[in-house]
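Take a look at the structure set out below.
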Amino acid sequence: MTTKLNPVEVVVIGSGVVGSIISMELAAAGHQVLCLERGRMATPQQDFVMPYVHDELKYDRHSDIFQNLSRETISFRNNLRETALPMRELGSFKPGEIVGGTALHWGCNARRFLPYDFEIRSNLEAKHGKTFFPGDCTSQDWGVSYEEFEPYYDQFEHIYGVGGKAGNLNGDIQPGGNPHEGPRSREYPNPPTRPTPQGQLFAKAATELGYTPFQGPAAAMTRDYMNLYKNFLGECARGGFCSSHACSQGAKANPLTAVMPSLIKQENFELRPLCNVIKINTDSTGKQATGVTYIDARGREVEQPAGTVILATYCFNNTRLLLLSGIGKPYDPIANTGVVGRNYSYQTGGRVEVFFDDKEFNPFIGGGMVNTSISDLDGDALDRSDLGFVGGAYVAVSSAGATPIKSKPVPHGTPRWGGEWKKAVAHNYRRAFSIGIHGSCQSYRGHYLDLDPTYRDSNGLPLLRMTFDWHQNEQKMLHFMNKKCVEIAKAMNPSSYSVREPYTKYTIVPYQSTHNMGGAAMGADPATSVVNKYLQSWDVPNVFVVGGSAFPQNGAVGPTETIGMLACWAADGLKEYLQKPAGQLMV
Amino acid sequence: MADSAIPHAYVYLTQPEVRFLDAAADRLIPPDDLGPGGREARVSVYIDRQLSGVWGVHGRNYRSGPWMEGTPQQGYQSRLTPQELYRAGIRETNDYCSKQYDKTFENLSGEQQDDVLKTLEHGKVDLPSLSSKVFFDLLWRNTEEGFFADPMYGGNHDKVGWKLLGFPGVASGTYSAHLDNPEIYRAEPVSILDIQQGKAQVDAQGFPKHIMIKKV
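Respectively, the protein sequence lines represent chains X and Z.
In this text, residue positions in the first sequence follow our numbering: the first is 1, and each later residue adds one.
In this text, residue positions in the second sequence follow our numbering: the first is 1001, and each later residue adds one.
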């Protein structure tokens, strides 16, 4: 039996980086907003306190801030010929399941996409011709330019208190920043991080090789900060235990620290945790949403009518809820028709480890994305004429806070266990660091999301099925980046270095990145996108789908800042949309 | 040795299983002049507690069938929970040792134990219920965790894993001042357990006060 509740003006599904900002913007503009969150309630003061947040085992493996796979997971296969099997254990990525969502445990890497990222298809085809992209590549322009997005990046940075140094202020290149970034309208709200000794070694070597190093922007406070919503964020103590962890200090900007305190004070806002939306309901025409159905904490099925539905969850659930609700045409990679589930992409990563017998560092000090980076191997700065790949990477030395279970680099050839391993681990823990490669990932015809034919969640609904493998294009890029990083490594004059060879096949086992993108791409053409430039469904105009799902492909720099920017951008469009009669497509 | 009393409370593991794990942990991370090995670090206590908790029954993992072996890229697909996997894996490895050497694992020489572990690691033993590689990978993962996780989980006794690395444990509130400073920061490690037990002083924000070590 379904309980039917009184209608609300706007229902927001998900309370993560997107749901919290859109809720805040709309509630502050006077709209009635109900936010439904599948995860539990959390407050930093009660849930994330010292010393318990400094627990590597918990936050690396077992924390209840991550998705509980016993109720719902995804299935996975490398290609269409295989049978997908459920992801039974968390590994490659860690989606969140809690008020605050996945961004609760993000690493604070707060970079803007380059102007080139939003126009990658037209940009590279203009430079290198129509055949430059691999034939099966579905990467496409976003339908909105960097210039249009810029004010919303600025807004997000003033909500999340990003610390950095501008490299391009209104077109003027600035010393100390990233000279390759798009023009920004003003400086960062907070100063940049200070370089660690490891970062200084990297900067020196990179400069010698002709690169322009800078301190990459970070959303862990570089000083005490009162943000745009009048929430206070304290300066980061650089105690490590950061990415994958919640922060005890309120120094990491996330939905719980940067938005929630002011959001819950809004009288026209309501948050309902432990409410798992299973369907967006539509009327008999299928062109108008009537609300949502969810399972509440006590297991009851509840129908919540709403005038406007905003789907603001992780990439996987945005796509899955559209498929479960029959909104938009599902993508079929064989017929090459449909759009929902198309344009899935991930994040390419690699590293070169450097070992110094004659130096010691303090690798446990850091966190909050303290990093020294170069952006010369990405965007328009990289000449791809002779390289033969699409995309690029930023390269950085980050001091994330080396924790002892997972961060024990040893030189190539060291045994995996036993006495020799123990000696190598003891010798190198304080004498090594990594040059990290954080690269783009294009979307391809055979990489997609759909509903699994066999496996089901605890409500009896089909799991989302992911079909993905590394494409030759990304492998080629990674080999090139490895070569470049070895040059930088050698310029640092280490005792030895080792290259982590790229995986030949994508594996869901070791942790790689929680940057799963796409499935409900935004764009200018309904034939190749699920939502228009306002993140509004082409098919059901009172449904907006906002988040990582909207990325037609992934850029190099990490998606969270751009996801947050999209929330600000979509909220602005929604304010306009909500003034008009319901159900109109925005143009 | 095999008959010596076991000084800790074990909840899931039987004493023969503990003897197996102690022997294996001491080969995977041997005692040497750098410090204690896996046995003294109480890796087996750590494993016992993990097996007794949510993880031991894969309480937060997806556990519906159909069960298929899948490709290595598809990850853990065994129908067995970690509890069941350890129980079967230890018994079947001991059966293998008895056949090969006429002795159970803990009674083999160190070299023989290494050989058995390598054979498991490379999937070269045909255990009846599970892939020997899956068993070894889990045993090694848990041994590493038990050696380096916070001592509140039962392993890393006396913080031996952290002392081996020079890892100070729970961060002090002074790190920011050291962020861009090349001076070596060496402190006696502080664990969550220490703080729970009142053995470490903490500041107003809950960060412990580190006692610095002079390098010898």
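In this text, a Cβ means the ideal position worked out from N, Cα and C, and glycines have one as well.
Keep in mind the model is a prediction, meaning the values are calculated, not measured.
#1: Does Z:P1036 have its Cβ less than 8 Å from a Cβ in chain X?
#2: Roughly how many angstroms lie between the CA atoms of X:R88 and Z:V1043, to the nearest whole one?
#3: For chain X, is any of its Cβ atoms less than 8 Å away from the one on Z:K1209?
#4: With DSSP run on the structure shown, which of helix, strand or coil describes X:I21?
#5: Check the DSSP bridge columns for X:I437 and list the partner residues they point to.
#6: Compare the Cα-Cα distances from X:T313 to each of X:P151, X:G101 and X:Q249 and report the closest residue.
#7: Can you say whether Z:A1002 is buried or exposed, counting buried as having 16 or more other CB atoms within 10 angstroms of its CB?
#8: If you reduce the DSSP assignment to three classes, tell me which class X:F544 lands in.
#9: Can you tell me whether DSSP reads Z:A1002 as helix, strand or coil?
#10: At a cut of 8 Å, does the segment 565–577 of chain X reach the segment 153–161 of chain X through at least three beta carbon pairs?
#11: Output needed for X:D60: all residues of its chain with C-beta closer than 7 Å, excluding positions within five of it in sequence on either side, in chain order.
#12: Residues of chain X with CB under 8 Å from Z:Y1153, in chain order?
#13: Against chain X, does Z:A1149 count as a neighbour if the rule is that its beta carbon must be under 8 Å from one of theirs?
#14: Evaluate contact between the segment 554–565 of chain X and the segment 436–456 of chain X, counting only Cβ atoms and requiring at least three cross-stretch pairs below 8 Å.
#15: Hey, Z:A1149 and Z:Y1046 are a contact pair by Cβ (cut 8 Å); roughly how many whole angstroms apart?
#16: Grab me the residues of X:E602's own chain with a C-beta within less than 7 Å of its C-beta, minus the 5 sequence neighbours each way, in chain order.
#17: Rounded to whole angstroms, what is the Cα-Cα separation between X:L124 and X:Y146?
#18: Using the beta-carbon of each residue, which ones in chain Z are nearer than 8 Å to X:I98?
#19: Using a Cβ-Cβ cut-off of less than 7 Å, give me the residues of the segment 1168–1190 of chain Z that come near chain X, in sequence order.
#20: Please state the DSSP three-state secondary structure of Z:P1208.
#21: So, helix, strand or coil for X:A571, using DSSP?
#22: Let me confirm a value: X:M226 is counted as buried when at least 16 other C-beta atoms fall within 10 Å, else exposed. Which label applies?
#23: What three-state label does DSSP hand X:I405 in the structure shown?
#24: Cβ of X:K575 less than 8 Å from any chain Z Cβ?
#25: Quick one: list the residues of chain X neighbouring Z:T1071, beta-carbon separation under 9 Å, in chain order.
#26: Could you run through the segment 1052–1079 of chain Z and flag, in chain order, every residue whose CB is less than 8 Å away from some CB of chain X?
#27: Looking only at its chain, what residues have a beta carbon closer than 7 Å to the beta carbon of X:G366, apart from the 5 residues adjacent to it on each side?
#28: So what's X:K265 in DSSP terms, helix, strand or just coil?
#29: What number of angstroms, rounded off, separates the C-alpha of X:F76 from the C-alpha of X:I278?
#30: Tell me whether X:E487 is buried or exposed, calling it buried when 16 or more other Cβ atoms sit within 10 Å of its Cβ.
#31: Say whether chain X places a C-beta atom closer than 8 Å to the C-beta of Z:D1032.
#32: Which full runs of the beta strand (DSSP E) of 3+ residues lie inside the segment 353–378 of chain X, going along the chain?
#33: How big is the Cα-Cα spacing for X:L274 and X:R38?
#34: Bridge partners for X:M522 per DSSP, in chain order?
#35: Within 10 angstroms of its Cβ, does X:N532 collect 16 or more other Cβ (buried), or is it exposed?
Let me spell this out:
#1: no
#2: 25 Å
#3: no
#4: helix
#5: X:G350 and X:V395
#6: X:G101
#7: Low confidence applies to Z:A1002: its pLDDT is 43, below 50, so where it sits in the model is not reliable, and the reading given next is rough at best. Classification for Z:A1002: exposed.
#8: strand
#9: Note that Z:A1002 has pLDDT 43, beneath the 50 cutoff, so the model's placement of it is unreliable and no number is given.
#10: yes
#11: S244, I405 and K406
#12: L57
#13: yes
#14: yes
#15: 7 Å
#16: This structure cannot settle anything about residue 602 of chain X, because the visible part of chain X is limited to 1 through 587.
#17: 16 Å
#18: Neighbours of X:I98 on chain Z: none; closest Cβ ~13 Å, over 8 Å.
#19: P1168, V1170, A1171, G1173, Y1175, S1176, H1178, L1179, D1180, P1182, I1184 and Y1185
#20: strand
#21: helix
#22: exposed
#23: coil
#24: no
#25: R77, N78, E82, L85, K505 and T507
#26: V1054, W1055, H1058, G1059, R1060, N1061, Y1062, R1063, S1064, P1066, M1068, G1070, T1071, P1072, Q1073, Q1074, G1075, Y1076 and Q1077
#27: T196, R238, G240, S399, A400 and G401
#28: coil
#29: 21 Å
#30: exposed
#31: yes
#32: 370–374
#33: 4 Å
#34: X:V531
#35: buried
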